[in-house]
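Student:
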Amino acid sequence: MDLRLYDTSSRDKRSFKPLDPKNVRMYVCGPTLYDFAHIGNARPVIVFDVLFRLLRHVYGAEHVTYVRNITDVDDKINDRAARDFPGLPLNEAIRKVTEITERQYHEDVDALGCLRPTVEPRATEHIAEMRAIIEKLVAGGFAYVAEDHVLFSPQAMNAANTVLPRYGSLSNRSLDEMIAGARVDVAPYKRDATDFVLWKPSKPGEPSWPSPAGIKAEGRPGWHIECSAMSWKHLGEEFDIHGGGIDLVFPHHENEMAQSCCAFHEGRMANVWMHNGFLQVEGEKMSKSLGNFITIRELLADWPGEVLRLNMLKTHYRSPIDWTLKSVEESARTLDDWYRFAGDVPAGTPSDTVIEALADDLNTPQMIAALHGLRSGTGRDAFAASLRLLGFLGESNQQWESRKRSASGIDVAKIEALIAERTAARARKDFKDSDRIRDELAAMGIAIKDSKDGTTWEVAR
Ligand code: AMP
Ligand code: ZN
């Protein structure tokens, strides 16, 4: 099978060849832990979970390492900690905030049918690796110390003229244009406006660690260096796939790539860079001020996680997605039908049409079309196996139905008694009585469907 992936860096779709097929390595930038994750944050989680599952299918589950980090050092976390736990020392309060939000995050993404990554490293547990990379960058002339900060110099990188990639090549920007367009109010300790922070001094009371590069005052890392350190520790100097949302291409990934390539004298950090498009809600950018900010948790109160997962995959990962109630309702109807058709079918082999669609740069709309094709055929085994591979059918048909029923607060026993009564009426060809019962159920908001296998029901939407 030819797996083809679109690479942001080369701007084309290429055949994927792992550096080591016995250990295919993927890094995805994870959440900053200070609050419930929103439905936009769920997009990279679901998209890269599908890729993880596909890679496991192709190379074997034990031959894929997926690392998704947890950022636990950040100003937003500090603010939240001071607000929620004013009586505690800041460091303890921060630990509480990150523990609570990490638990919430796991509950949410588990419910979306996502596998846990192989490793979920925390930034604060990789300070030694960050210091080591910073030392290498200073020694190599790519970074310098000023006023207790360590700064990376993109101009030094581009002047080096070695195997290194050009700074700006990932995001397709020119450093000269960035210099020309730089704001005038640049921090005084920067030699050039485009220099970025690797390490900075901590304010009193903030988390702090011994600094690298001979700086006496304690400090804390910049954001980009975290991912260079964690990917190095868990995947090595060079690995296969690096992912995240499109907003991370610049500056975050451009800077990660610069740091890692300059520290390890490599021409590349990752073989393929993949970025998911942005999610908006009912045609508008999601924001707290517009009042259309939806957390995963809120959606999970109304819908099974698999419905949200299917809804996310209806759009190709590189396109923008418009998240609408109408589309979620449609996804729910589709899954109800799929569960009824195949919820209880035992394991089989996934369909080639589904795998081929995914192998074409995760073409999930085509994959869903392939699933609809299988659904209208007669064989259920390949259909059910394909859905399971993709993280669906995590429940039995009965669990699925009873969850829907209990969620809607309806009298299941009464509905089933009425359906049995109607089946008996139909058996004795008393269609007047059977129609009366159907109307009675409809008045209760219950829709029924007859097939050769019997009568099923659902809550009419
Ligand atoms: P953050 O915690 O904001 O750094 O985001 C975590 C991940 O979610 C990153 O990969 C972001 O690119 C991604 N992300 C954030 N907002 C959205 C959105 N509205 N649509 C798609 N991805 C998003
Ligand atoms: Zn990152």
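My numbering puts the first residue of the sequence shown at 2, with every later residue one more than the last. All C-beta atoms in this analysis are idealised placements derived from N, C-alpha and C, irrespective of residue type, glycine included.
(1) Just to confirm before moving on: does the CB-CB distance between Arg-44 and Met-313 stay below 8 Å?
(2) Closer than 8 Å by C-beta to Ala-461: which residues in its own chain qualify, once you throw out the five before and the five after it? Chain order, please.
(3) Comparing C-alpha positions only, which one of Pro-211, Glu-285, Tyr-340 sits nearest to Ala-386?
(4) Name the DSSP bridge partner or partners of Glu-285?
(5) Does any heavy atom of the ligand AMP sit closer than 7 Å to the C-beta of Leu-390?
(6) With a CB to CB cut of under 8 Å and the five nearest residues on each side skipped, what residues in its chain are close to Leu-375?
(7) Classify Asp-13 as helix, strand or coil using the three-state DSSP reduction.
(8) Got a list of residues with beta-carbon closer than 6 Å to any non-hydrogen atom of the ligand ZN, in chain order?
(9) Shorter than 7 Å, the distance from the beta carbon of Gly-246 to the closest heavy atom of the ligand AMP, or not?
(10) Could you pull out every unbroken alpha helix (DSSP H) segment of at least 4 residues lying fully inside the segment 89 to 138, listed in chain order?
(11) Could you name the residues that DSSP lists as bridge partners for Val-68?
(12) Measure the alpha-carbon distance for Ala-96 versus Thr-350 and round it to whole angstroms.
(13) Between Leu-171, Ser-172, Ala-194, Leu-20, which has its C-alpha nearest Gly-182's C-alpha?
(14) When the distance is taken between beta carbons, is Val-110 closer than 8 Å to Val-46?
(15) Which word fits Thr-66, buried or exposed, when buried means at least 16 other C-beta atoms lie within 10 angstroms of its C-beta?
(16) Using CA atoms only, rank isn't needed, just tell me which of Asp-241, Val-51, Gly-215 is closest to Phe-17.
(17) Determine whether the beta carbon atoms of His-225 and Gly-245 lie at a separation below 8 Å.
(18) Looking only at its own chain, which residues have a Cβ that is under 7 Å from the Cβ of Lys-77, when we skip the five neighbours before and after it?
(19) Tell me which same chain residues have a C-beta within less than 7 Å of the C-beta of Thr-102, skipping the five on either side of it?
(20) What does DSSP give as the partner residue(s) for Ala-202 in the beta ladder?
(21) Are at least three pairs of beta-carbons, each pair with one atom in the segment 254 to 268 and one in the segment 129 to 138, less than 8 Å apart?
(22) Is any heavy atom in the ligand AMP found nearer than 7 Å to the beta carbon of Gly-41?
(23) Once you ignore the five residues that flank Arg-123 on each side, which residues in its own chain have a CB closer than 6 Å to its CB?
(24) Beta-carbon within less than 8 Å of Leu-291's beta-carbon, same chain only, minus the 5 sequence neighbours each way: which residues are those?
(25) Can you name, in chain order, every residue of its own chain whose Cβ lies under 7 Å from the Cβ of Asp-8, other than the five neighbours on each side?
(26) Could you work out which residue in Leu-394, Thr-457, Glu-126 is closest to Ala-418 when comparing CA atoms only?
(27) Cα separation between Gly-142 and Met-2?
(28) Looking only at its own chain, which residues have a Cβ that is under 7 Å from the Cβ of Ser-209, when we skip the five neighbours before and after it?
(29) Report the three-state DSSP secondary structure of Ser-452 (helix, strand or coil).
(30) Taking 7 Å as the cut-off, is the CB of Leu-52 close to at least one heavy atom of the ligand AMP?
(31) Got a sec, what are the start and stop residues for the beta strand (DSSP E) Trp-274 sits in?
(32) What's the C-alpha gap between Gln-399 and Asp-345?
(33) The beta strand (DSSP E) with Phe-240 in it runs from where to where?
(34) Quick check on the burial criterion: 16 or more other C-beta atoms within 10 angstroms. Buried or exposed for Ile-297?
(35) Do you know whose CA, among Ala-38, Leu-52, His-373, lies nearest Arg-5's CA?
(36) Quick one: Cα of Asn-92 to Cα of Asp-80, how far?
Tutor: Once the coordinates are examined:
(1) yes
(2) Ala-443, Gly-446, Ile-447, Ala-448
(3) Tyr-340
(4) Val-282
(5) no
(6) Same-chain partners within the cutoff: Ser-352, Thr-354, Val-355, Ala-383, Phe-384, Ser-387.
(7) strand
(8) Cys-30, Cys-228, His-253, Glu-257
(9) yes
(10) 91 to 112
(11) DSSP, once it has assigned bridges, lists Tyr-28, Val-120 as partnering Val-68.
(12) The amino acid at residue 96 is misidentified as Ala; the sequence shows Arg. When rounded, the distance between both Cα atoms is 45 Å.
(13) Ala-194
(14) yes
(15) buried
(16) Asp-241
(17) no
(18) Thr-33, Tyr-35
(19) Leu-34, Tyr-35, Asp-36
(20) The displayed chain sequence assigns Pro, not Ala, to residue 202. Gly-220, per the DSSP bridge assignment.
(21) Contact between the segment 254 to 268 and the segment 129 to 138 is present: three or more C-beta pairs spanning the two stretches fall below 8 Å.
(22) yes
(23) Result list for Arg-123: Ile-71, Asp-73, in chain order.
(24) Glu-285
(25) Arg-15, Val-273, Trp-274
(26) Thr-457
(27) 44 Å
(28) Ser-203, Glu-219, Gly-220, Arg-221
(29) strand
(30) no
(31) 271 to 277
(32) One alpha carbon belongs to Gln-399, the other to Asp-345, and they sit about 9 Å apart.
(33) 240 to 246
(34) It counts as buried.
(35) Leu-52
(36) 12 Å
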